[in-house]
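Visitor: Have a look at the structure that comes next, please.
2 protein chains.
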Amino acid sequence: MAHPKPGFPEPEHNHGVCVADALAAAAERCAARGARLTDIRREVLEVVWSSHRPIGAYDILADLGRDGRRLAPPTVYRALDFLLEHGLVHRVASRNAFFGCPSPGHATAVELLICTECGSAVEVQEQRVSAAVAGAATRHDFEVLPQTIEILGRCAACRAAA
Amino acid sequence: MAHPKPGFPEPEHNHGVCVADALAAAAERCAARGARLTDIRREVLEVVWSSHRPIGAYDILADLGRDGRRLAPPTVYRALDFLLEHGLVHRVASRNAFFGCPSPGHATAVELLICTECGSAVEVQEQRVSAAVAGAATRHDFEVLPQTIEILGRCAACRAAA
DNA sequence: CGCTCGACTGTTATAATATAACATCAATGC
DNA sequence: GCATTGATGTTATATTATAACAGTCGAGCG
Numbered sequence: 705m706a707h708p709k710p711g712f713p714e715p716e717h718n719h720g721v722c723v724a725d726a727l728a729a730a731a732e733r734c735a736a737r738g739a740r741l742t743d744i745r746r747e748v749l750e751v752v753w754s755s756h757r758p759i760g761a762y763d764i765l766a767d768l769g770r771d772g773r774r775l776a777p778p779t780v781y782r783a784l785d786f787l788l789e790h791g792l793v794h795r796v797a798s799r800n801a802f803f804g805c806p807s808p809g810h811a812t813a814v815e816l817l818i819c820t821e822c823g824s825a826v827e828v829q830e831q832r833v834s835a836a837v838a839g840a841a842t843r844h845d846f847e848v849l850p851q852t853i854e855i856l857g858r859c860a861a862c863r864a865a866a
Numbered sequence: 705m706a707h708p709k710p711g712f713p714e715p716e717h718n719h720g721v722c723v724a725d726a727l728a729a730a731a732e733r734c735a736a737r738g739a740r741l742t743d744i745r746r747e748v749l750e751v752v753w754s755s756h757r758p759i760g761a762y763d764i765l766a767d768l769g770r771d772g773r774r775l776a777p778p779t780v781y782r783a784l785d786f787l788l789e790h791g792l793v794h795r796v797a798s799r800n801a802f803f804g805c806p807s808p809g810h811a812t813a814v815e816l817l818i819c820t821e822c823g824s825a826v827e828v829q830e831q832r833v834s835a836a837v838a839g840a841a842t843r844h845d846f847e848v849l850p851q852t853i854e855i856l857g858r859c860a861a862c863r864a865a866a
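Protein chains in written order, with the working numbering: chain A, 705 to 866; chain B, 705 to 866.
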């Protein structure tokens, strides 16, 4: 099941569905690729999906340690490396953070709209952006790689609040 | 001033001209805005322009310290903050680095094509990319801010070498 | 069964990037 | 002179990320 609506999630949406969908899609994708979605990896993915905002590795670490466990940074970074490798999360360079990918398995680039005020983000796939980027690249003899293109701005809610 | 690997935009070019142009444009822009392009700020900008590759703050620091001076990180970061504020350099989040802006004063977003193999970059301004991004933003009720959009790929030289 | 092999995780230490906080200095205007 | 302001110096530390090696655990195999 995909997200009910495109765009920024409604404040009152049933977020449990988002998490459940993401975990199910991850399990399916790992099974298909012969990759092991271990406990830690699934837990990290779940924390990444605990909101619609990119989350830092050390915040993930803190969240996982709330039950008294003492995990070390490499544990989280290794899980994140795995999730990145299998397209289950995006690295958000502009924020040194990580964001759950709602539709793993892109062949091409995807765009991430990131609100600089509230920090929430949404993944979009815009044909025209990809096409324009590809065109620009061609003109400069440049080969574009699949990637996450980060676009910063203000979401509707933050604009309304201002 | 020779850079180890020539950038993909201009394999062999008179790089002194790039630096001189950049410094002249910076001086002009600072004068117009009543901002002080001090010695350190100019030196940092010069180091940023020493190649066509984004350079890290600590590499700038090392470069400035080659004559025996012992500068501290805040000195470089403050100069970079100034240069960012006045649009003279771009922050390249995907590489934790900084890149000289050849045409300060953009009203809109610019794109940076960054080669993941040799690290070279080139700034481009593609109307169709901006338009497509603006369209995508509108569809998601999102207000795009002026920014540097980073696009990763492989330059022609690196493709040829492979 | 006992073994080895490889993938995963634990642990310690440290690298790399960035900023906070406060001291000093220099130019300007009064 | 002297206060104000902006720039830089200095020290310490925060934040993000990785290196290196040890231990664990299960699958496959003799």
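We treat Cβ as the ideally placed atom computed from N, Cα and C, and that holds for glycine.
So the candidates are B:Glu-747, B:Asp-771, B:Gly-772; which of them puts its Cα closest to the Cα of Ala-761 of chain B?
Guide: B:Glu-747
Visitor: Quick one: what's got a C-beta closer than 7 Å to Cys-722 of chain B's C-beta in the same chain, skipping five residues either side?
Guide: Trp-753
Visitor: What I want to know is whether the C-beta of Thr-820 of chain A ends up closer than 7 Å to one or more non-hydrogen atoms of the ligand MN.
Guide: The ligand MN is not part of the structure shown, which contains no ligands of any sort.
Visitor: Please say whether Glu-847 of chain A and Arg-858 of chain B have beta carbons closer to each other than 8 Å?
Guide: Yes, these two residues count as a Cβ contact at 8 Å.
Visitor: Can you list, in chain order, the residues of its chain with a C-beta nearer than 7 Å to that of Tyr-781 of chain A? Leave out the 5 residues immediately preceding and following it.
Guide: Ala-761
Visitor: Straight-line CA distance for Val-814 of chain B to Leu-849 of chain B?
Guide: 11 Å
Visitor: From the DSSP output, which residues share a beta bridge with Gly-857 of chain A?
Guide: A:Cys-819, B:Val-848
Visitor: Just tell me which of B:Leu-792, B:Ala-776, B:Leu-775, B:Arg-863 has its CA closest to the CA of Leu-749 of chain B.
Guide: B:Leu-792
Visitor: For Pro-758 of chain A, count neighbouring Cβ atoms within 10 angstroms of its own Cβ and tell me buried if that reaches 16, exposed if not.
Guide: buried
Visitor: Relative to chain B, which residues along the region 796-814 of chain A have a C-beta separation below 9 Å, given in chain order?
Guide: Val-796, Ala-797, Ser-798, Arg-799, Asn-800, Ala-813
Visitor: From the DSSP output, in three-state form, read off Arg-757 of chain A for me.
Guide: Coil, per DSSP.
Visitor: Shorter than 8 Å from the beta carbon of Cys-859 of chain A to some beta carbon of chain B?
Guide: Nearest CB-CB separation between Cys-859 of chain A and chain B: below the 8 Å threshold.
Visitor: Between Ile-793 of chain A and chain B, is there a C-beta pair that is closer than 8 Å?
Guide: A quick correction: the sequence has Val, not Ile, at residue 793 of chain A. So, not an interface residue.
Visitor: Is His-707 of chain B helix, strand or coil when you go by DSSP?
Guide: Per-residue confidence for His-707 of chain B stands at a pLDDT of 38, beneath the threshold of 50, marking its modelled position as unreliable; the derived number appears in the next sentence. Residue state, collapsed to three classes: coil.
Visitor: Are Leu-784 of chain B and Phe-803 of chain B closer than 8 Å when you measure CB to CB?
Guide: The criterion of a C-beta distance shorter than 8 Å is not satisfied by Leu-784 of chain B and Phe-803 of chain B.
Visitor: What residues are listed by DSSP as bridge partners for His-790 of chain B?
Guide: Beta-bridge pairing links His-790 of chain B to no other residue.
Visitor: So, is Glu-732 of chain B buried or exposed, given that buried needs 16 or more other C-beta atoms within 10 angstroms?
Guide: exposed
Visitor: Tell me whether the beta-carbon of Leu-653 of chain B lies closer than 8 Å to the beta-carbon of Glu-827 of chain B.
Guide: Within the shown structure, residues of chain B are numbered from 705 to 866, placing residue 653 of chain B beyond reach of any answer.
Visitor: DSSP three-state label for Glu-827 of chain A, please.
Guide: strand
Visitor: Could you work out which residue in A:Ala-726, A:Asp-845, A:Cys-862, A:Asn-718 is closest to Ala-825 of chain B when comparing CA atoms only?
Guide: A:Asp-845
Visitor: Which of helix, strand or coil does DSSP assign to Ala-864 of chain A?
Guide: helix
Visitor: Comparing the C-beta of Glu-847 of chain B with each C-beta of chain A, is any distance below 8 Å?
Guide: yes
Visitor: Using the Cβ count rule (16 or more neighbours within 10 Å means buried), how would you classify Ala-729 of chain A?
Guide: buried
Visitor: What are the partner residues of Phe-657 of chain A, as DSSP defines its beta bridges?
Guide: No answer is possible for residue 657 of chain A: the residues shown for chain A start at 705 and end at 866.
Visitor: Which residue marks the beginning of the beta strand (DSSP E) containing Gly-804 of chain A, and which one marks its end?
Guide: Start and end: 801-804.
Visitor: Using CA coordinates, which residue listed in B:Ala-861, B:His-794, B:Ala-835 is at the minimum distance from Glu-819 of chain B?
Guide: The question names Glu, but residue 819 of chain B is Cys in the sequence shown. Checked all of B:Ala-861, B:His-794, B:Ala-835; the closest Cα to Cys-819 of chain B is B:Ala-861.
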